[in-house]
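Asks: Please read through the structure below; I'll follow up with questions.
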Amino acid sequence: MTDSATAPSSKSLTGQPSSGTNGRVVTGASIRLEGVVKRYRGQTRPAVAQLDLEIDAGDIVAFVGPSGCGKTTTLKMINRLIEPTEGRIYIGGRDVTAENPDRLRQSIGYVIQSGGLFPHWSVSKNIGTIPRILKWDRKRIAERTEYLMDLVGLDAATFADRLPKDMSGGQQQRVGVARALAADPPVLLMDEPFGAVDPITRARLQDKLIAIQHELGKTIVIVTHDFEEATKLGDKVLILSEGGHIEQFAPPEEILANPASPFVEEFVGSGATLAHLTLTRVRDVEIRDVVTARVGEPSGSVVNRTRAAGEDWLVVVDEHGRPRAWPSVEEVAAKPEVSDYLDPRLPVVARSSTLNDALDSMLATSQGGVLVTDGRGAVIGALNIASVMEAIRGQLADVRDEDHVGYLDHTEGSAPADTPVVAADEDAAAENAAAEQSAER
Numbered sequence: 003m004t005d006s007a008t009a010p011s012s013k014s015l016t017g018q019p020s021s022g023t024n025g026r027v028v029t030g031a032s033i034r035l036e037g038v039v040k041r042y043r044g045q046t047r048p049a050v051a052q053l054d055l056e057i058d059a060g061d062i063v064a065f066v067g068p069s070g071c072g073k074t075t076t077l078k079m080i081n082r083l084i085e086p087t088e089g090r091i092y093i094g095g096r097d098v099t100a101e102n103p104d105r106l107r108q109s110i111g112y113v114i115q116s117g118g119l120f121p122h123w124s125v126s127k128n129i130g131t132i133p134r135i136l137k138w139d140r141k142r143i144a145e146r147t148e149y150l151m152d153l154v155g156l157d158a159a160t161f162a163d164r165l166p167k168d169m170s171g172g173q174q175q176r177v178g179v180a181r182a183l184a185a186d187p188p189v190l191l192m193d194e195p196f197g198a199v200d201p202i203t204r205a206r207l208q209d210k211l212i213a214i215q216h217e218l219g220k221t222i223v224i225v226t227h228d229f230e231e232a233t234k235l236g237d238k239v240l241i242l243s244e245g246g247h248i249e250q251f252a253p254p255e256e257i258l259a260n261p262a263s264p265f266v267e268e269f270v271g272s273g274a275t276l277a278h279l280t281l282t283r284v285r286d287v288e289i290r291d292v293v294t295a296r297v298g299e300p301s302g303s304v305v306n307r308t309r310a311a312g313e314d315w316l317v318v319v320d321e322h323g324r325p326r327a328w329p330s331v332e333e334v335a336a337k338p339e340v341s342d343y344l345d346p347r348l349p350v351v352a353r354s355s356t357l358n359d360a361l362d363s364m365l366a367t368s369q370g371g372v373l374v375t376d377g378r379g380a381v382i383g384a385l386n387i388a389s390v391m392e393a394i395r396g397q398l399a400d401v402r403d404e405d406h407v408g409y410l411d412h413t414e415g416s417a418p419a420d421t422p423v424v425a426a427d428e429d430a431a432a433e434n435a436a437a438e439q440s441a442e443r
């Protein structure tokens, strides 16, 4: 992370940045819930009963479960928007149960559905909300705002002075994430943040969140009703049943391969085999190089460079290397210089995107592939449909070997030898469906 500005109150929740087990920087703080209970007046059963949970610093943990399972209640007890009836909550090893709730919330990022922006404030003023409360000086706030806008993929010169009403839903949600990160909190809480946007925007926002997490190493807790979203985002997934009972808390691949109970298997559903495809990322598949060109370059030299590389298409990029269009050689050759054209339907995925994301994007295009970008949106190559189909076939073969899975207790890690197994028979259908989609394209 290039910005060192940290809110004074967040220092009490986390220490110095450290390296995680995979070598990345971790600036987040651990979260521990001990015997947490929430009872509402007039209800015979607690909304959350005796919940014990520990979240490692720097992890993304997704809470999922049916309506009424207590996932949102649990999330809001972490920053004490809802006060626990019993139990203790620790952040970074510090008991925050009795701390001033307002100061606690100023040191924890919070993102809700539809952004929750102040409609009469500009983007930059929205982002600077908490830093102003914490008495940061103007220069520090301005620098932090510009950094965060770039981080979430919004050009400061274009968007800083805009009002929320002049932005799309996806852009507003990016501002909401930037505002939540403004005071450099160690913990970010997200309550169904992508539920109000269209599927394409949702996938891009998910990719952006993963990229931000890779760069910043915060501890992120996200509530979602979508199990596929949970498996895509979560380092671990927490499946809750009524009363906040933990049915399983494990990495998504473990949940898919070894559901802890009939409840988990039913919740995951019959699409568990296909859900394995959300575990394979674009970065795990061979990405081919692409030819890039800037607006205004002479078409002749660009066409020659593209043909010399054996390519029929090239990528027009802006000054930051972000893709604007993906024209054919013939389209570029028809004009004396590379023209400035922004294709709103440009098929783009991030390195952290899933194979499902890539396949969905490329099937609707004429280029026969999809562009791949880094965490800041700069193009790094392309993925063609043949590579994706090869990876899908390999993934399905791996899943087929693991089809006979048993129930296991989420605290055990392995099933007894005599545990009944549940067979799956949807692999061939899944492979055929993917192949048919490819043929229809």
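Counting in the working numbering, the sequence shown runs from 3 upward without gaps.
For every residue, glycine included, the Cβ atom is placed at its ideal position computed from N, Cα and C.
1) Can you check DSSP and say which residues form a bridge with A384?
2) Do H122 and the ligand FAD come close, with the Cβ less than 7 Å from some heavy atom?
3) If you count every other CB in all the chains shown that lies within 10 Å of the CB of Q45, and 16 or more means buried, which is it?
4) Should E414 go down as buried or exposed, given a rule of 16 or more other Cβ atoms within 10 Å for buried?
5) Take the Cβ of D359 as the centre, count every other Cβ of all protein chains shown within 10 Å, and call the residue buried at 16 or more, exposed below.
6) Is G246 near A49, with beta carbons less than 8 Å apart?
7) Nearest-angstrom Cα distance between E267 and E249?
8) Whole angstroms are fine: how far does the CA of D237 sit from the CA of E36?
9) I need the straight-line Cα distance from G70 to N386, nearest angstrom please.
10) With DSSP as the reference, please indicate the residues paired to D97 in a beta bridge.
11) What are the uninterrupted segments assigned as alpha helix (DSSP H) that are 4 or more residues long and contained completely in the stretch 102-132, given in chain order?
12) Considering Cα atoms alone, identify which of I114, P103 and A159 is closest to G178.
13) Around the C-beta of T160, are 16 or more other C-beta atoms found within 10 angstroms, so that it is buried, or is it exposed?
14) With DSSP collapsed to three states, give me the class of V340.
15) Run through the DSSP bridge pairs and tell me what D61 is partnered with.
16) The alpha helix (DSSP H) with H216 in it runs from where to where?
17) Inspect the beta-carbon positions of Q215 and V199 and report whether they are closer than 8 Å.
18) Buried or exposed: H412, going by 16 or more other Cβ atoms within 10 Å of its Cβ?
19) For M364, tell me which candidate among S341, V381, A388 and Y112 has the shortest Cα-Cα distance.
20) Should N102 be labelled buried (16 or more other beta-carbon atoms within 10 Å of its own) or exposed?
21) Distance, Cα to Cα, P68 vs V297?
Replies: In short, the structure shows the following:
1) Within the sequence shown, residue 384 is the residue found at index 382, counting from 1. Within the DSSP secondary-structure output, A384 pairs in a beta bridge with R290 and L373.
2) This structure lacks the ligand FAD, and indeed carries no ligand of any kind.
3) Start at 1 with the first residue of the sequence shown, and residue 45 comes out as number 43. Exposed, because fewer than 16 other Cβ atoms sit within 10 Å of the Cβ of Q45.
4) Start at 1 with the first residue of the sequence shown, and residue 414 comes out as number 412. Any reading at E414 is ruled out, since the residue's pLDDT is 36, under 50, leaving its predicted position unreliable.
5) As a working mapping, residue 359 is identified with position 357 in the sequence shown. Answer is buried; the Cβ neighbour count reaches 16.
6) Walking along the sequence shown from the start, residue 246 turns up at place 244. Walking along the sequence shown from the start, residue 49 turns up at place 47. Going by C-beta atoms, G246 is nearer than 8 Å to A49.
7) Translated into the one-based positions of the sequence shown, residue 267 becomes position 265. Translated into the one-based positions of the sequence shown, residue 249 becomes position 247. So the two alpha carbons sit approximately 10 Å from each other.
8) Reading the sequence shown from its first residue, position 34 is the one you call residue 36. Reading the sequence shown from its first residue, position 235 is the one you call residue 237. The straight-line gap from Cα to Cα measures roughly 21 Å.
9) Taking the first residue of the sequence shown as 1, we reach residue 70 at position 68. Taking the first residue of the sequence shown as 1, we reach residue 386 at position 384. The straight-line gap from Cα to Cα measures roughly 43 Å.
10) For the purposes of this step, residue 97 is taken as residue 95 along the sequence shown, with counting starting at 1. Answer by DSSP bridge pairing, in chain order: Y92.
11) Entirely contained in the stretch 102-132, the alpha helix (DSSP H) runs reaching 4 residues are, in chain order, 103-108 and 125-129.
12) Working through the sequence shown from its first residue, we reach residue 178 at position 176. Checked all of I114, P103 and A159; the closest Cα to G178 is I114.
13) For the purposes of this step, residue 160 is taken as residue 158 along the sequence shown, with counting starting at 1. Exposed, because fewer than 16 other Cβ atoms sit within 10 Å of the Cβ of T160.
14) Against the sequence shown, residue 340 aligns to sequence position 338. Of the three classes helix, strand and coil, the one that applies to V340 here is coil, per DSSP.
15) Sequence index remark: in the sequence shown, residue 61 carries index 59 (1-based). Beta-bridge pairing links D61 to no other residue.
16) Position 214 of the sequence shown holds residue 216. Segment P201 to L218, the alpha helix (DSSP H) holding H216.
17) Counting from 1 along the sequence shown, the entry for residue 215 is found at position 213. Counting from 1 along the sequence shown, the entry for residue 199 is found at position 197. No. Outside cutoff.
18) Working through the sequence shown from its first residue, we reach residue 412 at position 410. Bear in mind that the predicted position of H412 carries a pLDDT of just 43, short of 50, making it unreliable; the figure below should be weighed with that in mind. Label assigned to H412: buried.
19) As a position in the sequence shown, residue 364 is number 362, starting the count at 1. Selected option, being the one with the closest Cα: A388.
20) Against the sequence shown, residue 102 aligns to sequence position 100. Per the 10 Å Cβ criterion, exposed.
21) For this step, residue 68 is matched to residue 66 along the sequence shown. For this step, residue 297 is matched to residue 295 along the sequence shown. C-alpha separation (whole angstroms): 50 Å.
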